[in-house]
Amino acid sequence: MSENIISAVQQDNMQLVKEDTMPAEEEEELWSDDDLSDGGLKEHDLCLKDIFPNGYVYYHKPEDYVDRGSRYILKIRGMAVKYPAEEREIAMAQLCGPGDCGVKILGHTYYALEKVGGTPFKTGITMEIAQPIRHNIANFTDDEKRTLKEEMIALLERLHDKYNMVHGDIKPANFVRCTDGKLRMCDFETSRPADEDPALWGVKGVGRYTSQYRCPTRPDKAAPTKFDDWYAMAVSIWEIYTVKMPFEGWEYMYRAHLERQTVDVSEVKCLETREWIKGILQKGGAKV
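Put into structure tokens, the structure is as follows:
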């Protein structure tokens with residue numbers, strides 16, 4: 151079957167800007183109505199046929215929605231859609247308190263031809279639309295930064311204590327402000343139950359994390375722990391207070407990890423926050 155490529159820019163609604171259509175007979179084969187099944191589907195589940203009527207799709211999105219290359223967020227029908235999302239991420243999102251700690255999961259995207267037990271195979275997540283906090287950090291006042299810090303800390307405590315889950319990729323980009331005003335987490339690709347066998351984390355095909363927020367004593371590709379979340383939280387709070395990215399440049403970041411260097415905590419002017427960050431970084435083995 152020939153590959154169909156669509157390049158598009160997603161704004162409030164998806165606008166196709168380049169399209170190479172596949173032959174009509176192949177399109178009919180790909181999206182035959184005989185292959186559709188409504189077993190187990192919900193109101194907010196979206197078939198890829200409805201989102202991308204011409205079949206397979208690859209596209210680029212605006213700067214505000216960049217999310218690790220091949221995985222992206224688009225807005226359609228009043229929902230945020232993350233596609234593709236691996237089966238494990240979909241399962242972890244359901245375990246991380248959707249609507250409480252995590253963004254509300256409304257449904258899924260599915261591919262009509264791939265079924266498990268007669269139900270279309272889930273390929274992505276449909277979620278509530280929310281605003282990433284990182285877009286506004288530069289405009290925050292000192293009071294707003296302190297309030298956000300307290301919200302983020304309380305949210306992580308709740309994720310750990312109430313749900314016994316490890317997020318695995320804590321950073322400002324993974325905190326969003328939802329339409330009800332609540333702060334929630336997103337992106338559960340690296341999440342895991344805290345009591346899960348650590349060996350399963352790699353077996354499940356996971357292993358991604360954002361290196362700038364990694365604890366220097368954490369072995370490469372090791373399953374994240376609750377403390378790894380807290381270390382990443384300390385770096386995230388530093389980023390919010392300084393409005394700087396930690397470890398600019400891969401070569402510098404790699405050398406810093408080897409030497410257990412970390413961010414310059416002296417740049418945080420709030421003494422209480424600076425000492426809180428310093429304590430966690432030191433506990434993680436960083437040279438502060």
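The working numbering applies: residue 151 is where the sequence shown begins, and numbers increase by one. We treat Cβ as the ideally placed atom computed from N, Cα and C, and that holds for glycine.
Three-state secondary structure assigned by DSSP to residue i
i, result
"TYR359", "coil"
"GLN432", "helix"
"MET302", "helix"
"PHE105", "Since the first residue of the chain shown is 151 and the last is 438, residue 105 is not available in this structure."
"HIS258", "strand"
"HIS244", "Per the sequence shown, residue 244 should be read as Gln rather than His. GLN244 falls in the helix class under three-state DSSP."
"MET383", "helix"
"VAL438", "coil"
"GLU177", "Confidence is the limiting factor: at GLU177 the pLDDT is only 32, short of 50, which leaves the residue's position unreliable, though a coordinate-based value still follows. Three-state DSSP puts GLU177 in a helix."
"ALA372", "coil"
"ILE279", "coil"
"VAL316", "strand"
"PHE377", "helix"
"LYS232", "strand"
"LYS272", "strand"
Alpha carbon of residue i to alpha carbon of residue j, nearest angstrom
i, j, result
"GLY434", "PRO366", "7 angstroms"
"THR375", "GLY318", "7 angstroms"
"LEU431", "LYS437", "8 angstroms"
"ARG342", "TRP351", "7 angstroms"
"ILE303", "ARG296", "11 angstroms"
"MET315", "ARG308", "9 angstroms"
"ASP250", "THR273", "23 angstroms"
"ASP345", "TYR359", "19 angstroms"
"GLU236", "HIS258", "11 angstroms"
"LYS321", "HIS285", "13 angstroms"
"CYS420", "ASP330", "29 angstroms"
"ILE240", "ALA373", "18 angstroms"
"ALA349", "ARG238", "15 angstroms"
"ARG424", "ILE387", "9 angstroms"
"TYR381", "TYR233", "29 angstroms"
"GLN281", "ALA323", "10 angstroms"
"GLU409", "ILE279", "40 angstroms"
"ARG405", "ARG368", "15 angstroms"
"HIS407", "THR340", "20 angstroms"
"GLU417", "HIS310", "29 angstroms"
"GLU398", "GLU294", "25 angstroms"
"LEU245", "PHE271", "19 angstroms"
Beta-carbon separation (whole angstroms), residue i vs residue j, contact threshold 8 angstroms
i, j, result
"PHE338", "ALA243", "4 angstroms"
"ASP370", "LEU306", "23 angstroms between Cβ atoms; not a contact."
"ILE255", "ARG327", "Rounded, the Cβ-Cβ distance is 17 angstroms, inconsistent with contact."
"GLN411", "VAL385", "Actually they are not in contact, since the Cβ atoms of GLN411 and VAL385 sit about 12 angstroms apart, beyond 8 angstroms."
"THR291", "MET229", "At roughly 32 angstroms, the Cβ-Cβ gap does not stay under 8 angstroms, so THR291 and MET229 are not in contact."
"GLY429", "CYS336", "Not a contact, Cβ separation roughly 27 angstroms."
"LEU298", "ILE390", "6 angstroms"
"PRO396", "VAL413", "5 angstroms"
beta-carbon residue i near the ligand FAD non-hydrogen atom, thresh 8 angstroms
i, result
"ASP330", "In the structure shown, the ligand FAD is absent, as is every other ligand, since no ligand is present at all."
Beta-carbon proximity list for residue i, same chain, < 6 angstroms, skipping 5 on both sides
i, result
"GLY247", "TYR313"
"GLU422", "none"
Sequence-distant residues of the same chain with beta carbon closer than 7 angstroms to residue i, five excluded per side
i, result
"ALA288", "VAL393"
"GLU301", "LEU333"
Cβ shell of residue i (< 8 angstroms), same chain only, five flanking positions each side left out
i, result
"PHE377", "CYS365, LYS433, GLY434"
"TRP426", "ALA384, ILE387"
Inside the region 327-354 only - alpha helix (DSSP H) runs reaching at least 4 residues
348-353
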